[in-house]
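K.L.:
Residue numbers (my numbering): 2 to 248.
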Ligand code: 5RP
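1. In the DSSP output, what is residue 6 paired with across the bridge?
2. Please classify residue 59: does DSSP put it in a helix, a strand, or coil?
3. So, for residue 54: in the same chain, excluding its five sequence neighbours on each side, which residues have a beta-carbon less than 7 Å away from its beta-carbon?
4. Whether or not the segment 122 to 133 and the segment 161 to 175 are in contact is what I'm after, with contact meaning three or more pairs of Cβ atoms, one per stretch, closer than 8 Å; do they touch?
5. So the candidates are 132, 85, 113; which of them puts its Cα closest to the Cα of residue 187?
6. Between residue 108 and residue 178, is the Cβ-Cβ spacing less than 8 Å?
7. So the candidates are 136, 43, 32, 6; which of them puts its Cα closest to the Cα of residue 19?
8. For residue 239, report the span of its alpha helix (DSSP H) as first-last.
9. Take residue 119 as the anchor and find which of 195, 45, 39, 81 has the nearest alpha-carbon.
10. Looking only at its own chain, which residues have a Cβ that is under 6 Å from the Cβ of residue 232, when we skip the five neighbours before and after it?
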C-alpha cells in the first residue's frame with residue numbers, strides 16, 4: 002500500500018514522472034496542444050530540454066508565456082484547425098477515465114483544444130486518481146459575470162452548491178474575462194449527463210467535467226509512470242500502488 006500523505010516534493014516528483022512520460026509522445030512535425038497547470042509546466046520543462054520541431058498551441062496565457070520562455074514554437078487554434086495531440090493535466094481522474102478539470106480556471110479553452118485534437122493525453126500524479134468524480138473537488142463552472150447570481154441559482158436547482166471563486170482583490174477572472182463558480186454536487190454518478198445539464202444553463206460558458214474525452218492518462222508515481230487507456234488498467238495500477246482516495 003502507498004503511504005497515506007505524500008509530501009509536496011514527492012508529489013512534484015510524481016508530476017515530473019508523468020510529464021516525462023507524456024512528453025515522450027510528442028513527435029517531430031506535430032501540432033501539439035498544451036493545457037494549463039503545474040503538471041503542464043513540468044511538460045514544458047521537459048520539452049525545453051528536448052527542443053522538438055513541433056508547434057505548440059497553448060490553452061492559457063500562462064502556458065503561452067512558459068512556452069515562449071522555453072524557446073518552443075507557438076501557434077494558435079486560428080492558425081491550426083486541427084491539432085495532432087493535446088497534453089493536459091487534471092484535478093480528478095475516475096476509473097472510467099472521466100476527468101474533472103478547471104482547478105486553474107482554464108477548462109473552457111482546454112476543452113476547445115481537446116475537441117480540436119486527434120488525441121487527448123492527460124498527465125497526472127497519482128493523487129489525482131479518485132473512485133468517482135466529485136470525490137474531492139467541486140465542479141468548476143465558467144460563467145458570464147452578467148447575472149452570475151441568477152446563473153448560480155439555476156445551478157443550485159440542478160442540485161449543486163455554488164461558490165464564487167475569489168482571486169486577488171475580487172472575483173477570480175478567467176483568460177476569457179469570466180467568473181468561475183465552484184459547484185459542489187457530491188458524488189457524480191453520471192458525469193456525461195451532468196456535463197450536458199450544466200452546459201444547458203443560460204449564463205454558463207463551460208464546465209470542468211470532461212467525460213469520455215481522455216485517450217491516454219499518464220500517471221506519475223514512485224516507480225516512474227504508467228499509461229492507462231481503460232478502466233481495467235486503472236484498477237490494476239490502483240491495486241498495485243494502493244488506494245488513491247486515501248492520499
Ligand atoms: C487547469 C486545469 C489543470 O489541468 C488542473 O487544475 C490540474 O492542475 P495541476 O497540474 O496543477 O495539478 O484543469 O484549468
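Every residue gets a Cβ at the ideal spot worked out from N, C-alpha and C, and that includes glycine.
P.N.:
Reading from the atomic positions:
1. For the purposes of this step, residue 6 is identified with residue 5 of the chain shown, where counting begins at 1. As computed with DSSP, residue 6 is found in no beta bridge at all.
2. Residue numbering aside, residue 59 sits at position 58 when the chain shown is read from its first letter. Looking at residue 59 - three-state DSSP - the assignment turns out to be strand.
3. Along the chain shown, read from residue 1 onward, the residue named residue 54 stands at position 53. For residue 54, where only same-chain residues beyond five positions count, the Cβ hits under 7 Å are 29, 30.
4. Cβ pair count under 8 Å is below three, so no.
5. For this step, residue 187 is matched to residue 186 along the chain shown. Of the listed residues, the one whose Cα sits closest to residue 187 is 132.
6. For the purposes of this step, residue 108 is taken as the residue at position 107 of the chain shown. For the purposes of this step, residue 178 is taken as the residue at position 177 of the chain shown. Not a contact, by the Cβ cut-off of 8 Å.
7. As a first step, residue 19 must be located in the chain shown, where it is residue number 18. It is 43.
8. If you number the chain shown from 1, residue 239 lands on position 238. It spans 232 to 242 - the alpha helix (DSSP H) in which residue 239 sits, taken as one unbroken run.
9. Counted from its first residue, the chain shown places residue 119 at position 118. Ranking the options by Cα distance to residue 119, first place goes to 81.
10. In the chain shown, residue 232 corresponds to position 231, counting from 1. Residues 96, 97 of the same chain have their beta carbon placed closer than 6 Å to that of residue 232, with the five preceding and five following residues left out of the count.
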